[in-house]
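What follows is a single structure, written as structure tokens, with notes after it.
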Amino acid sequence: MHDQDSSDLDELIALMHQLQGLDLGLYKRGTVARRVTTRLQRLGYSTYREYLTHLISAPDESRALLQHVTIKVSHFFRTAGLFTLLGEKLLPNLLAHTRDSEGPRLWSAGCANGEEAYSLAILLEQMCAERGGEVPAATIWATDVDQAALDRAAHGLYPRDAFVETPLELLERYFVPRAGRLTPQYELLPTVRERVTFSQHNLLSGSPPWNGHQPGLILCRNVLIYLVRAAQMRLYRLLLETLAPGGYLCLGESEQLPDELQPQFHTVDRHYRIYRKL
Ligand SMILES: C[S@@+](CC[C@H](N)C(=O)[O-])C[C@H]1O[C@@H](n2cnc3c(N)ncnc32)[C@H](O)[C@@H]1O
């Protein structure tokens with residue numbers, strides 16, 4: 000990158016911090032540069048400088064850029080083997096050991112369009128169906144920095160490719176097909192949607208928006224990979240502080256607990272990156 004481009008990108012990052020409260024300087028620079036470039040080219044610009052002028056004058060552009068830079072790739076039951084372990088071991092364990100009448104608290108941190116949090120909700124419904132009893136009490140929180148993704152999550156409407164790892168019987172049981180503009184969409188049953196509370200939260204700005212309740216399970220997957228090392232460490236520390244003692248932390252397949260934090264956790268499953276707080 001030329002010096003001029005590099006300093007224009009710095010200016011753009013500072014402006015985004017000011018307008019959207021998200022410090023893109025904490026994300027890997029190559030990814031940020033690529034995403035900004037595809038956005039500006041889509042709008043017909045060819046340099047960061049031209050795009051900066053647009054960003055300053057167009058009120059909605061900073062929100063659009065935030066949506067574009069924070070990558071939303073996700074699907075239901077992503078890494079199916081992890082969800083099998085959650086259903087067979089982790090959730091039964093949490094349910095058995097939580098005395099609170101509201102049940103264990105589960106947090107999908109960086110939830111994109113809700114696929115991960117809703118997969119947990121479906122898993123709980125399944126556990127109940129299989130046990131022939133009531134749906135176990137549990138609180139599911141889901142947070143993301145991108146409000147537009149949370150709005151989509153609240154609608155609970157998904158294209159067919161959101162179900163590449165979803166067993167057909169679950170798709171048929173918990174979703175209703177709806178005619179879409181081009182292809183069919185699938186709408187999650189409202190009874191399952193209601194189990195998840197969505198809120199906007201920037202994982203790099205501090206504690207999540209609930210008071211004092213520590214989740215027994217945190218899924219923070221495919222978020223840390225986009226961050227520079229200092230920001231990763233900051234987020235790992237937040238996750239450590241937030242998680243209840245004995246609680247589970249699940250990371251993405253390309254994410255690994257740093258050596259400094261290994262003494263605070265027991266590794267439950269190396270392959271699926273599941274760690275238990277000591
Ligand atoms: C690739 S998606 C991962 C979704 C889901 N966890 C999964 O593994 O399928 C990454 C998500 O992290 C969110 N994200 C990125 N930076 C964030 C931040 N600082 N605070 C909260 N969410 C963030 C993005 O908006 C995006 O929805």
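Going by numbering that gives the first Met the number 0, the sequence shown runs without a break in its numbering and finishes at 277. For each residue, glycine too, the CB sits at the ideal point set by N, CA and C.
- Taking 8 Å as the cut-off, the C-beta of residue 150 does not count as close to any heavy atom of ligand 1.
- Residue 143 has 199 as its beta-bridge partners, per DSSP.
- For residue 270, there is no enclosing alpha helix (DSSP H), as DSSP marks it with neither H nor E.
- For residue 242, the closest of 222, 211, 228 and 253 by C-alpha to C-alpha distance is 211.
- When beta bridges are read from the DSSP output, residue 186 appears opposite 156 and 175.
- A distance of 9 Å or more separates the beta carbons of residue 124 and residue 161.
- The residue from 86, 182 and 167 with its alpha-carbon nearest to that of residue 130 is 86.
- For residue 198, the CB contacts under 6 Å within the same chain, skipping 5 residues up- and downstream, are 142 and 208 in chain order.
- Residue 261 sits exposed, since fewer than 16 C-beta atoms from the chains shown fall within 10 Å of its C-beta.
- Closer than 8 Å to some heavy atom of ligand 1: that describes the Cβ of residue 109.
- For residue 209, no pairing in a beta bridge is given by DSSP.
- A check of alpha carbon separations from residue 193 across 233, 136, 216 and 16 identifies 136 as the nearest.
- Within the region 69-109, the beta strand (DSSP E) runs of at least 3 residues that lie entirely inside it are, in chain order, 104-108.
- CA-to-CA, the gap between residue 122 and residue 184 works out to about 21 Å.
- Annotated three-state conformation of residue 138 is strand, per DSSP.
- Ranking 44, 188, 226 and 177 by CA distance to the CA of residue 253 puts 226 first.
- Here residue 233 carries a helix assignment [DSSP, helix/strand/coil].
- Secondary structure of residue 170 (DSSP, three-state): helix.
- When the Cα atoms are used, residue 108 and residue 150 turn out to be separated by approximately 16 Å.
- Within its own chain, the residues whose Cβ lies closer than 8 Å to the Cβ of residue 32, once the five positions on either side in sequence are excluded, are 0 and 8, listed in chain order.
- Annotation for residue 37: 67 place their beta carbon closer than 8 Å to its own, counting only its chain and skipping 5 residues before and after.
- Its chain contains 101 and 104 as the residues whose beta carbon lies nearer than 6 Å to that of residue 138, once the 5 sequence neighbours on both sides are disregarded; these appear in chain order.
- Under DSSP, residue 276 forms a beta bridge with 264.
- Distance from the Cα of residue 229 is smallest, within the candidate group 250, 259 and 216, for 259.
- The beta carbon of residue 51 sits closer than 8 Å to those of 7, 10, 11 and 14, all from its chain and outside the five residues before and after it, given in chain order.
- Taking the Cα positions, residue 173 is about 19 Å away from residue 182.
- Under the three-state reduction of DSSP output, residue 44 falls in the coil class, being neither helix nor strand.
- Here the alpha carbon of residue 171 sits roughly 14 Å from the alpha carbon of residue 156.
- If you look at residue 224, you'll find it isn't in any alpha helix (DSSP H); DSSP assigns it neither H nor E.
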